[in-house]
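Visitor:
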Amino acid sequence: MSEKAIASLSLDLDNKWSYMKTHGDAGWESFPSYLDVVVPRALRFLKERNLKITFFIVGQDAALDKNHDSLASISEAKHEIGNHSYNHEPWLHLYSKQELETEFERTETAMAKITDQKLIGFRGPGYSLSPTVLEVLAERNYEYDCSTLPTYIAPLARAYYFFKSPEMTDEEREKRKKLFGKFSDGFQSLKPYKWQIGEKSLVEIPVTTLPVFKTPIHASYLIYLSTFSKALARVYWKTAIEMCRMSGTPLSLLLHPLDFLSGEDAPELKFFPAMNLPIGEKLEFVSEILEVFTGKFEVVNMREHARLAAKENLESLDYAKQAA
Ligand SMILES: [Zn+2]
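Using our numbering, the letters of the sequence shown correspond one by one to residues 39 to 362.
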């Protein structure tokens with residue numbers, strides 16, 4: 039069965055506070071956490087399916103003692119740890135180089151408390167990316183980035199970050215508008231490619247969207263569709279997989295904590311789509327998605343995906359020229 043094509047699986051471990059912060063809700067400043075609930079649940083789920091994936095972790099969470107045990111258990115279970123920024127601000131493309139360096143330094147220091155792994159992979163919050171981010175990644179010897187979401191419908195894809203809160207100030211609203219940066223929207227390739235950054239190169243693994251149509255296919259979106267029609271969500275997912283197979287697109291599937299949580303687990307986040315689904319029903323659907331996925335692909339973590347991709351003759355893009 040070695041003919042199965044490679045695909046990758048990762049989970050962006052956004053914490054409760056980061057959603058509250060983006061939503062503009064009071065109370066995020068004490069960094070409320072659901073990691074002690076979601077991490078054991080996700081680890082058990084992955085273990086039962088014999089999957090080793092990449093968890094993109096936020097530095098601020100790794101820095102806090104209250105999260106130590108749950109975060110350390112991820113690396114102990116032999117999953118890869120990736121960098122998901124320190125502050126989880128989806129406007130990283132507005133940061134100066136100095137600000138980014140500080141952000142990376144703090145994240146790497148905090149991560150050393152929960153894992154011995156050297157961080158070699160990065161995913162910016164809210165798919166934010168800039169030439170400066172790529173420069174900093176290359177300087178710090180990262181091997182891959184997976185912050186691009188090739189889509190024609192950025193506003194819809196990013197609606198995730200755009201729930202309006204009555205408490206949000208005008209200034210906060212303005213900042214959120216800038217989420218629609220030009221940079222990452224310019225790249226429509228679904229296949230891995232290379233950024234040439236001076237002498238160094240970085241593998242880019244885009245978050246896969248539906249070939250041709252470029253609509254989202256991450257698990258949260260599939261679950262959201264299933265709340266309208268399970269049959270529709272199933273057909274959409276199977277179509278996506280077939281289109282990826284036919285076009286030779288190595289699928290990189292993305293999970294989020296809310297795929298493993300119900301509104302009862304996190305009442306503050308009941309405003310999110312599909313948080314009204316009973317947890318049993320939700321997990322059953324996630325299980326179904328993954329069963330189809332692992333049936334068709336050899337599923338690896340992001341590090342392995344990037345290293346295998348690097349051996350191929352990838353298209354090379356000059357990172358600075360893409361910035362205009
Ligand atoms: Zn995130």
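Ideal placement from N, C-alpha and C gives every residue a C-beta, glycine not left out.
Which residue spans inside the segment 90-139 form an unbroken alpha helix (DSSP H) run of at least 4?
Guide: For the segment 90-139, whole alpha helix (DSSP H) runs of length 4 or above, ordered along the chain, are 97-101, 106-114.
Visitor: Roughly how many angstroms separate the alpha carbons of F251 and D103, rounded to a whole number?
Guide: 44 angstroms
Visitor: Can you tell me which of P316, D183, M149 puts its alpha carbon nearest to the alpha carbon of I119?
Guide: M149
Visitor: Determine the extent of the alpha helix (DSSP H) in which L248 is found, giving its start and end residues.
Guide: Counting along the chain, L248 falls outside any alpha helix (DSSP H), and DSSP gives it neither H nor E.
Visitor: Between P244 and ligand 1, is the CB less than 6 angstroms from at least one heavy atom?
Guide: At a cut-off of 6 angstroms, the beta-carbon of P244 does not count as near ligand 1: no heavy atom of the ligand is closer than that.
Visitor: So L228 packs on P244, CB below 8 angstroms; how close in whole Å?
Guide: 6 angstroms
Visitor: Nearer than 6 angstroms: is that true of the beta carbon of D52 relative to any heavy atom of ligand 1?
Guide: yes
Visitor: Do L346 and I158 come within 7 angstroms of each other at the CB atom, strictly closer than that value?
Guide: It is not a contact, given that the beta carbons lie outside the stated cut-off.
Visitor: For E146, which residues of its own chain have a beta-carbon under 7 angstroms away from its beta-carbon, when the five flanking residues on both sides are left out?
Guide: L157
Visitor: Hey, is P163 close to ligand 1, as in C-beta under 6 angstroms from one of its heavy atoms?
Guide: yes
Visitor: Check whether the Cβ atoms of P249 and T287 lie closer than 7 angstroms to each other.
Guide: Pairing P249 with T287 gives a Cβ-Cβ distance under 7 angstroms.
Visitor: Cα separation between L51 and F69?
Guide: 14 angstroms
Visitor: With DSSP collapsed to three states, give me the class of D208.
Guide: If DSSP states are grouped into helix, strand and coil, D208 belongs with the helices.
Visitor: Assign K42 to one of three DSSP states: helix, strand, or coil.
Guide: coil
Visitor: When the Cα atoms are used, what is the spatial distance from E242 to Y182?
Guide: When rounded, the distance between both Cα atoms is 6 angstroms.
Visitor: Run through the DSSP bridge pairs and tell me what W275 is partnered with.
Guide: Per DSSP, none; premise fails for W275.
Visitor: In chain order, which continuous runs of the beta strand (DSSP E) of length 3 or greater are located wholly inside the segment 274-342?
Guide: 290-293, 335-338
Visitor: May I ask which residues mark the beginning and end of the beta strand (DSSP E) holding K156?
Guide: Unbroken run through K156: none, as it is neither H nor E.
Visitor: I believe Y262 touches A312 by the beta-carbon criterion, under 8 angstroms. Please report the beta-carbon distance rounded to the nearest angstrom.
Guide: Rounded to the nearest angstrom, the Cβ distance from Y262 to A312 is 5 angstroms, consistent with a contact under 8 angstroms.
Visitor: Run the CB neighbour count on R341, radius 10 Å, all protein chains shown included, and call it buried at 16 or more, exposed below.
Guide: buried
Visitor: Measuring only the C-alpha atoms, how far is F200 from M58?
Guide: Confidence at F200 is low in this model, with a pLDDT of 49, below 50, so the placement of that residue should be treated as unreliable; the coordinate-derived value is given next. Each residue's Cα considered, the two are about 11 angstroms apart.
Visitor: When DSSP labels each residue in this structure, what does Y182 get in the three-state scheme?
Guide: Y182: strand per DSSP, three-state reduction.
Visitor: Do you know offhand how far D297's Cα is from Y133's?
Guide: Each residue's Cα considered, the two are about 30 angstroms apart.
Visitor: Would DSSP call E242 helix, strand or coil?
Guide: Residue state, collapsed to three classes: strand.
Visitor: Let me make sure I understand the geometry here. Which of A348, D356, E67, V75 has the alpha-carbon closest to that of G301?
Guide: For G301, the nearest C-alpha among the options comes from V75.
Visitor: Taking 7 angstroms as the cut-off, decide whether the C-beta atoms of V77 and S108 are in contact.
Guide: yes
Visitor: Measure the C-alpha to C-alpha separation of K349 and S71 and round it to an integer number of angstroms.
Guide: 39 angstroms
Visitor: For I261, report the span of its alpha helix (DSSP H) as first-last.
Guide: From DSSP, the alpha helix (DSSP H) with I261 extends over 257-264.
Visitor: Grab me the residues of G219's own chain with a C-beta within less than 7 angstroms of its C-beta, minus the 5 sequence neighbours each way, in chain order.
Guide: Confidence is the limiting factor: at G219 the pLDDT is only 49, short of 50, which leaves the residue's position unreliable and the question unanswerable from this model.
Visitor: Using the C-alpha atoms, what's the distance from S48 back to W55?
Guide: Taking the straight line from one Cα to the other gives about 20 angstroms.
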